[in-house]
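Numbering (this note's numbering), first residue to last: 407 to 764.
Where is the CB? At the ideal position from N, CA and C, for every residue including glycine.
Source: prediction; values computed, not measured.
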Ligand code: ATP
């Protein structure tokens, strides 16, 4: 079957007068790891619940592997969900928790045994079959929940902040494991998180949501390097934003008058005199004591205000002559010989100034 595994067509969800998902259209490919990313309350879980069938869309349609499913109850959709809360049965041991779905479907005992052992093996918990959830660690409980969701070999696995309850170290370890598992099985994963680092490290593509609106869908690299909107630029990683007006342009470049500075950027279909925002990542900028003679480099002047030690790198805050603050990164072992109050220049290559929409 060609075509996407999941197709969301103009999905809208309203709760009373509040619209929490606005006209969301998105294709998710077979075997893809797609992450819905956005701040709390932006509509990620509601979108996931509509795919699972726990919420009915106010309008719009959902296709699963070529068939419309939005009118079907959850149990008739070939998808499974893993929740942050694990939702394990406390009175059943690991084996029985994983076997539960197969027992309900009256699968034969020997089939159940083969499949449960295989699923527990996949999540490396074959030695914990007899433990009840309260005798397992958070990470182990989450693995049981994943094994249980995979036992029916669903076409799509929906994961709602599945690592949210784990401590940082375990969370990082589980991110790697989950990603490997997904590639090994080739199952389409739709993963919900508000953690941008988690989304960047795990996903094939990220769909960034803001107030129920899909702002941008692309690979982690494009989302980080070429954010399309101001929201995406600010939500993912740290960024410096300068607002201005397009003062001149040719086919390749445009000049932007930015709060007292002239900044060159790669040309976009934006007209002269239009208002724009330029986003510059701290690590794409370089500090120097002298101005650069290189015309391809954008440079602005300021004074060193503060240095914040972050281990291998140092965040250096520069107050620009227009009063705005700009954060640059320096290597801690190669700091400029400058102290608070000293004048310096912030440089970046014009292509690293990304023009974003509001
Ligand atoms: P979080 O990361 O905090 O889980 P989210 O992005 O997943 O947030 P949703 O849970 O989808 O956001 O909620 C989106 C909005 O819809 C919120 O304002 C929420 O209060 C509202 N909402 C969700 N479920 C219901 C409901 N059953 N009835 C009314 N409003 C709801």
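Backbone secondary structure at residue i - three-state DSSP
i	result
residue 615	strand
residue 751	strand
residue 498	coil
residue 660	strand
residue 635	strand
residue 622	strand
residue 407	Caution applies to residue 407, whose pLDDT of 49 falls short of 50 and renders its modelled position unreliable; the value that the coordinates give is listed next. It is coil, neither helix nor strand.
residue 738	helix
residue 719	strand
residue 566	strand
residue 713	strand
residue 446	coil
residue 428	strand
residue 600	coil
residue 627	helix
residue 435	coil
residue 645	coil
residue 538	coil
residue 574	helix
residue 413	strand
residue 530	coil
residue 727	coil
residue 561	coil
CB contact check: residue i to chain D, cutoff 8 Å
i	result
residue 527	Given the protein chain composition of this structure (a single chain), no chain D is represented.
Same chain only: Cβ atoms within 7 Å of residue i, ignoring 5 sequence neighbours per side
i	result
residue 429	416, 418
residue 759	669, 671, 684, 686, 704
residue 481	none
residue 697	705, 751
residue 433	410, 413
residue 525	504, 553, 556, 557
residue 757	672
Buried versus exposed call for residue i [16 or more other C-beta atoms within 10 Å across all chains shown]
i	result
residue 557	buried
residue 407	Here residue 407 scores only 49 on pLDDT, less than 50, and its place in the model is too uncertain to base an answer on.
residue 714	exposed
residue 421	exposed
residue 501	buried
residue 575	exposed
residue 746	exposed
residue 737	exposed
residue 509	exposed
residue 654	exposed
residue 602	buried
residue 701	exposed
residue 462	exposed
residue 641	buried
residue 497	exposed
residue 476	buried
residue 465	exposed
residue 690	buried
residue 444	buried
Residues of its chain near residue i, where Cβ-Cβ distance is below 8 Å and the 5 sequence neighbours each way are ignored
i	result
residue 438	411, 594, 595, 610, 611
residue 608	439, 441, 581, 584, 585, 597
residue 474	467, 468
residue 658	672, 673
residue 542	500, 534, 550
6 Å CB neighbourhood of residue i in its chain, flanking five on each side removed
i	result
residue 694	751
residue 426	419, 449, 452, 618
residue 588	439, 595
residue 699	none
residue 717	none
residue 484	560, 561
residue 744	710, 750
residue 634	622
residue 731	723, 725
Problem set entry | 4-residue-minimum alpha helix (DSSP H) runs that sit fully inside the stretch 457-524, ordered along the chain | Entirely contained in the stretch 457-524, the alpha helix (DSSP H) runs reaching 4 residues are, in chain order, 500-510.
Problem set entry | beta strand (DSSP E) segments (min. 3 residues) lying fully within the stretch 648-708 | As far as the stretch 648-708 is concerned, its whole beta strand (DSSP E) runs of at least 3 residues are 659-664, 667-672, 681-686, 692-694.
Problem set entry | Residues passing the C-beta test against the ligand ADP heavy atoms, cut-off 6 Å | No copy of the ligand ADP occurs in the structure displayed; its ligands are the ligand ATP alone.
Exercise. Is the stretch 561-569 touching the stretch 477-491, taking contact as three or more C-beta pairs under 8 Å?
Worked result: Contact check between the stretch 561-569 and the stretch 477-491: three or more CB pairs, one atom from each, fall below 8 Å, which counts as touching.
Problem set entry | Touching by the beta-carbon criterion (3+ pairs, under 8 Å), the stretch 541-556 and the stretch 522-533 | Yes, since at least three Cβ pairs between the stretch 541-556 and the stretch 522-533 fall closer than 8 Å, the two stretches touch.
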